[in-house]
Structure formats: structure tokens, C-alpha cells
Amino acid sequence: MSLKSTLSAATALGLISAAGAYADGHSELTIAIVNNGHMINMQTVAEAYTAETGVELNWVSLEEGVLREQVTSDTATGGGQYDIINIGMQEAPIWGQAGWIEPLNFSDDYDVDDILPAMRAGLSYEGTLYAAPFYGESSMVMYRGDLADAAGVSIADNDSWENVAAAAAAMHDPDNGVYGACLRGKPGWGDNGAFITTVANSFGAAWFDADMRPQLDSPEWNAAVTFYVDLLQSYGPPGSEGNSFNEILALYNEDRCGLWIDATIAASFLENENVRYAQSPNAGNPVGANWLWAWAFAIPAGSPNAEAAQDFIEWATSKDYVQAVGNHPEFGWGSVPTGQRASTYEIPEFQAVAGFAEAELAAIDSAAPEATDLKPYVGVQFVAIPEFPEIGSAFGQEMAAALSGAKTVEEALAAAQAAADAIMQEAGYY
Amino acid sequence: MAIVAQQTKLSKILWPVLAWAVALIIFFPIAYMVMTSFKTDADAVKPELLFTFTPTLENYANMTENYDYWRFASNSIITSVAATLFTLFVAIPCAYAMAFTPSRGTKDILMWMLSTKMLPAAAVLYPMIYMTKAAGLYDTHFLIIMVLSLINLPIVIWMLFTYFKDIPKDIIEAAKMDGVNTWGEVREVLIPLAWGGIASTALLCFIFCWNEAYWTVRLTTTEAATLSKLIEGNRAPEGLFFGRLSAVSTAAVGPIVVLGWFCQKQLVQGLTFGAVK
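So, in C-alpha cells, the structure goes:
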């Protein structure tokens, strides 16, 4: 075969492949999802949707960071690759404002008022819903009742941080491999950044002032981070700066944690029967240390199948979907997605199997993403501005350095403040 | 003499023991991954069940039923084989020209080619996405084959150039004297003489293509997604799905490990010996 004919054949092959990729009809939807238990289950439950509507569903499951990167690049370059995307609360209002995602308008049957108010607020921009929550979460205290009883301590709802630290100290038994407090320490705006921000909120600290100038050098931040570092250095497992949700979940299920403050979804993974729940602590401030997050479905502005996509989202985030999972022979009521609809928490079958339901609902209801005088921006454990992931990542690195002892709290906060200040200035906020 | 004999005896035992110890340490993560793939997600995180567990195939069943493993695997095979062939198709004439008719700029060209490997891939990610979407090539086999070929071309040309340089020019000259044209020199003389080197280069290129993750994850959605994307999709920030992740990873690296195992003799020979030694 000559060079010319070989190259021609290769080009033709490529063009055929390219044409094939774009020959999809409207009976197919490509959905980018984050990989977690609820999403995995959905792929099975959605077979019924395909059978009923004839719409084929192509699932593209991605790790959270890669999902954000790919969805961002796709949406920012005009879309076209995905008909439906999984996004979180950080992205929904920003992308809605930028016009990157379509506003959602559901039928009356959908009962949009049933969506928990905190979730609706966090996924809207100027009162318009841009993403529908598939499941939501807040954070709460999960602790070992047996260890607490043996040590003669307990943790109340919205307890003070001093009492939480005292409970951790009482349950701390490193000689037997039990650590009083297991908390996120791994650097990342969604890892240690999320937890420390909620602690700071409860200490009366805020990321920015009304002019969006960083406030990480404030006394409140210093008090919050000093408390966090002291607590983990005194009663945390060794190497806490490498721990996030999965690492701590493994430790907790090995009976090596006295208390753990983290996402409410963790409750459905805990194996120890002696678990007790309490609302997140505070430091005498009206804002509790509980975050708010949802994984939601949105439609990129470039989707050629927006109508079919909206229909699917309406089904996947409906009351009927919850029933479909609860009654599914492979899953059942312990596997239904929670944190999205008030009606889910009223289902007797769900209440019977979900001991954490009441605590989860209370935590979500009390989370306040709206801007206030104390916190003049939208978001609880993050700030809903495009620059926040970069700022939060730099902050997370500095906090891990403080936790490991490589820097003092003051040095770490000063470095984080400088980084945040430079990023905000470059972005033109002031 | 007795001391020397004793030392020889000792080293005969010591070196193999050391070699085995190093091999086991290197192999342990792979063995751990394979073992974990036969555990349930719940058992996978229990240290007491590291070696003693009830094996299950549920992760593999789940992988083929829910994740369409064979589609990802076939895409990996198509793109890796085609990219390797295309890379060799371009690299062999290129290395031949530089080895047997070098010019003053040959060394500079070689260095320039190698320098392209120093560019961080992330720096050109967005331009690549824009351009490939505009050209209608995003998420196609053709694009992935071209990308894999281009990122491996410099290293393949370098390797082939090194092998070809070891072939005495007289052999090529003799073929010329016999009236063989350039294509004939490559086909009849060069390829048979450097076959070991070409085979080991091809194998390495195939391994690089198979394992490439940065571009294959970011330039595909469904049509041309490879096993790298399947692994990426099984990482979960909230949930311990280590059993599933291990099964997917085992099934993804399995073919390449087996291939490397069978070809290791040729691979080592090709990498350590020259073309005609």
C-alpha cells in the first residue's frame, strides 16, 4: 500500500468515527455523573425509565475532580458532549448567572415546593432553579455511644466546642487504637477546607467582608483554626493531614474513632451499632458548624436535547424515583437518596430503616447558604464565586501544613490570607 | 581460597534472596489490588481480612453488567494497536533517515523532538478541546489514535534511532550497490536486522498507549473512552468502593501485565542489547 493510500484510509477511518460520534439521535441522552452509591444505583433503576420512554441513557461516570474539570471545559466551550451534568452547590448559582446552564421549569406534578428550602436556595440564582437536587447532605456529629457512656460523657445538639473537645479527650485511648476525634485534614477546598470553614463560621469568622476582601487574618479565624489544630493534634489519629471522608470512614468502621464530624451521608455507611448523632457544635454564635451540599442535575446551555433532558431530570429527582428505589428488589428503603425532598422523610418505610433521618433533616434545615451581615456571601462551607476553588485549595494546603506542624497557625493563616488577597485582586474585586 | 569459596556461596544465596525480596515488595501493591478485587466493598477495608477472606466475583459481575467493560476494553485495544502501528509507520523512516543520512541539524532535531515531551499536557488542554470540537473530532477513535501517536513519537524515534545507529552503514551501502531502492533497504535489510529493537520499541509504545490517562480521560465521553476512563469513573470521594475499583483496575492492567510477562525476554533483550549485537 502506498503512503498516499494509507493516509487516505486512515483519514477516512477517522472521519467515519467522527461522524459516528455525532450521529446520535434525540432518543439518547449522555449524562455525566459523579461516582457514588446513589448514582450507581440510579443506573439500574433508570432501566425502567428507558423501558417506558425508549430514551437510551449513556452514563459517563467520573471522579469528582475530573468531572468538574471536564464539565467545566465542555460547558465553557459551548457544550455538546453532555445532555445532563452532575453539578454541586458551588457551581449551580455561578453557572446559572453565566448562562452556562438552562433554567429548570417543571410540571405541577413535580411539586417543586417539596424540595427542601435550603437546597432550593443553594441551587438557584435570583430565585430561578438551575439544578435539581438528586441528593443532599449537611454535616453532623457521629459518635460512639458505648465509648461515651463508658467515659461518662455525652454530646448534645449544637453543643459547645469545649464540650466536644472534652468528650474527645474522654474517649481518647490511643494505647488501644481509639482516637477521640477523627476530622478531615487532607488538603482541598472540599476536604479540610470544607470542615474548617464550618468551624470558622461557628466561631463568627467569615471568608470575606462586604467588599470581598479576605478576612483570614481576623482573630475569629485564628481562634477557630487554633482550636481545630489543637483538637486533632491532641486527640486525632496520627497522619490526620492525609485523612478525608473515605479514610475516616474506614477508621470509624474499624472502631478507631470516638467522634467524627462529617457529611450526613456517612451515617448510611456506618457499621458500628452504637453510633449516636448530634447537631454540629457552635461557639456561641448563631451559625452552627454544619455545611450544606447537594449533587444536582443541570442541563448545559449547548445541549441539543434539552427537552428530553428536562424530562429525565424531572423523573430522576421526583417523589416517584424515591418510591422506585425504595421498592426496587436490589436496593430498598435504606438506599433511597435523601436530603432533597421533605416528603422522603415522611415515608414510614424509610423512617423504619434510617435512624439518622431526623438528625440529617434537622442539619439540612438549619444550614443557611444565604448571605447575611455576618457572612456577606452565598455558601456555607464554600463561597459561591468562581475564584473560590483556587483560594480554597491554597487555604487547604496551608491548613494541612499547620496540622502537620510544618507551620504555626499564624504563619499558615498569613500565607492563606496573602494567597487569597492576590487572587481576589487579580480577579478585579478591588 | 576457603574464604573466597564461602563468600561465593554466601553471595549465591544472598543475591537471589535480595532479588526476591525486592520483587515481592514491588509486586505487593499489584497482588493487593488483585486480592481486593475478590472482596466485597465492606471486606476490602478491613485489615483483619487482608489475606483471609471469602472470595467473591460480584465486583467483576458488576463491572461487566453495569459498566460495559468490553466497550472500554475494545476501545483500548483499537486505539493502542492503531497508535502503535501508526507511530512505527512514521518513526521507522524517520529514524532511518537520521541514522544513515544524518545532516548537521540531526542532533538538534532529535533534541527538539525530545523537548516536546517537556511541555506540561495541562498547558494545551483547553486549546485541544476547542480545536478538536471545532473539527468534529472530539471523542473519536481517530483523535485518540493521533494523540497517542504524537505523544509517543519522540521517544519511539529516539529508541529506533539508537538501534539503527548500531547497524554498520556498510550493510546498507552493500544493499544499495546491489540496486536495492530506499524502501527495499528498509524492508529487506533494516527491519530484519533491527527486528528485536523494533519489537521491544513497539511493545513499550503499546504499553504507553494502553496506560495513557490524561488525554484519553479528557478527550472522550462515550464513543472512544478507554479503560483509563473506566478506572477514573470508579474513584469515589464519598464511599468505600475499593472492591469495585480494584476489580476494574485489575481488569484494565491485566492484559498488559500478561503481555509484558510473555514478552519480557524480548523486551529486556531489545532494551539492553543493540540491534546487531
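Heads up: the protein sequence lines correspond to chains Y and A, in order.
Using the numbering used here, the letters of the first sequence map in sequence onto residues 1 to 430.
Using the numbering used here, the letters of the second sequence map in sequence onto residues 431 to 707.
Every residue, glycine too, gets a C-beta built ideally from N, C-alpha and C.
The structure presented is a predicted model; accordingly, all values stated were derived computationally and were not measured.
Query                                                                                                                                                                                          : Result
Which same chain residues end up closer than 7 Å to Ala166(Y) when comparing Cβ atoms and leaving out the 5 residues on each side of it in sequence?                                           : Val153
Are the segment 242-261 of chain Y and the segment 125-133 of chain Y touching, with three or more C-beta to C-beta distances below 8 Å?                                                       : no
Could you say if the segment 255-268 of chain Y and the segment 354-371 of chain Y meet the contact criterion of at least three C-beta pairs nearer than 8 Å?                                  : yes
Assign Val325(Y) to buried or exposed, taking buried as 16 or more other Cβ atoms, counted over all protein chains shown, within 10 Å of its Cβ.                                               : buried
Counting Cβ pairs, one atom from each stretch, are 3 or more of them under 8 Å apart for the segment 514-525 of chain A and the segment 672-692 of chain A?                                    : no
For Phe591(A), which three-state DSSP category applies?                                                                                                                                        : helix
Along the chain, where does the alpha helix (DSSP H) that runs through Asp538(A) open and close?                                                                                               : 536-545
For Lys563(A), which residues in chain Y fall below 9 Å Cβ to Cβ?                                                                                                                              : Asp74, Thr77, Gly78, Gly80, Gln81
Which residue comes first and which comes last in the alpha helix (DSSP H) that contains Leu462(Y)?                                                                                            : Residue 462(Y) is absent from the model: chain Y starts at 1 and stops at 430.
Using 7 Å as the threshold, is the C-beta distance between Asn192(Y) and Gly396(Y) below it?                                                                                                   : yes
In this structure, how does DSSP classify Tyr429(Y) when only helix, strand and coil are distinguished?                                                                                        : coil
So, at 6 Å on beta carbons, what are the nonlocal neighbours of Leu231(Y) in its own chain, with the 5 sequence-adjacent residues on each side left out?                                       : Ala165, Ala181
CB-CB under 6 Å to Lys375(Y), same chain, minus the five flanking residues each way: which ones, in chain order?                                                                               : Ala206
Just to confirm, are Pro304(Y) and His38(Y) a CB contact at a threshold of 7 Å?                                                                                                                : no
Buried or exposed for Phe208(Y), please, with buried defined as at least 16 other CB atoms from any protein chain shown within 10 angstroms of its CB.                                         : buried
Check the C-beta distance from Asp421(Y) over to Pro214(Y) and give it rounded, since I have them as a contact under 8 Å.                                                                      : 5 Å
Tell me, please, whether the CB atom of Asn35(Y) is closer than 7 Å to any CB atom in chain A?                                                                                                 : yes
Between the alpha carbons of Val586(A) and Arg68(Y), how many angstroms are there, rounded?                                                                                                    : 34 Å
Assign Ala482(A) to one of three DSSP states: helix, strand, or coil.                                                                                                                          : First, the residue type needs correcting, since residue 482(A) is Thr and not Ala in the sequence shown. Coil, per DSSP.
Look at Val309(Y) and Asp83(Y) and say whether their C-beta atoms are less than 7 Å apart.                                                                                                     : In the sequence on display, residue 309(Y) carries Ala and not Val. Yes, these two residues count as a Cβ contact at 7 Å.
On the CB-based measure, 16 or more other CB atoms within 10 Å of its CB, does Asn582(A) come out buried or exposed?                                                                           : buried
Rounding to the nearest angstrom, what Cα-Cα distance links Ala681(A) and Gly332(Y) in this structure?                                                                                         : 30 Å
Evaluate Trp59(Y) with the Cβ neighbour count: other Cβ atoms within 10 Å of its Cβ, from every protein chain shown; 16 or more gives buried, anything less gives exposed.                     : buried
Any idea what DSSP makes of Ala21(Y), helix, strand or coil?                                                                                                                                   : Caution is warranted here: a pLDDT of 39 is assigned to Ala21(Y), below 50, making its placement in the model unreliable, and no coordinate value can be reported.
Quick check on Gly535(A): buried or exposed, where buried means 16 or more other Cβ atoms within 10 Å of its Cβ?                                                                               : exposed
Give the residues of chain A in contact with Asn305(Y), contact being defined as C-beta atoms less than 9 Å apart.                                                                             : Near Asn305(Y) there are no residues of chain A at all, since even the closest Cβ is about 14 Å away, more than 9 Å.
Mark Asn36(Y) as exposed unless 16 or more other C-beta atoms lie within 10 angstroms of its C-beta, in which case mark it buried.                                                             : buried
Identify, in the order they occur along the chain, each residue of the same chain with its Cβ nearer than 6 Å to the Cβ of Leu633(A), setting aside the five sequence neighbours on each side. : Cys693, Leu697
Where does Val706(A) fall in DSSP's three states?                                                                                                                                              : Because the pLDDT of Val706(A) is 49, which lies under 50, any placement of that residue in the model is unreliable, and the number read from its coordinates should be weighed accordingly. Three-state result, Val706(A): coil.
Closer than 8 Å by beta-carbon distance: list the chain Y residues that pair up with Glu662(A), in chain order.                                                                                : Leu62, Glu63, Val66
Which residues in the same chain as Thr470(A) place their Cβ atom closer than 7 Å to its Cβ, once the five residues preceding and following it in sequence are excluded?                       : Thr486, Glu488, Gly673
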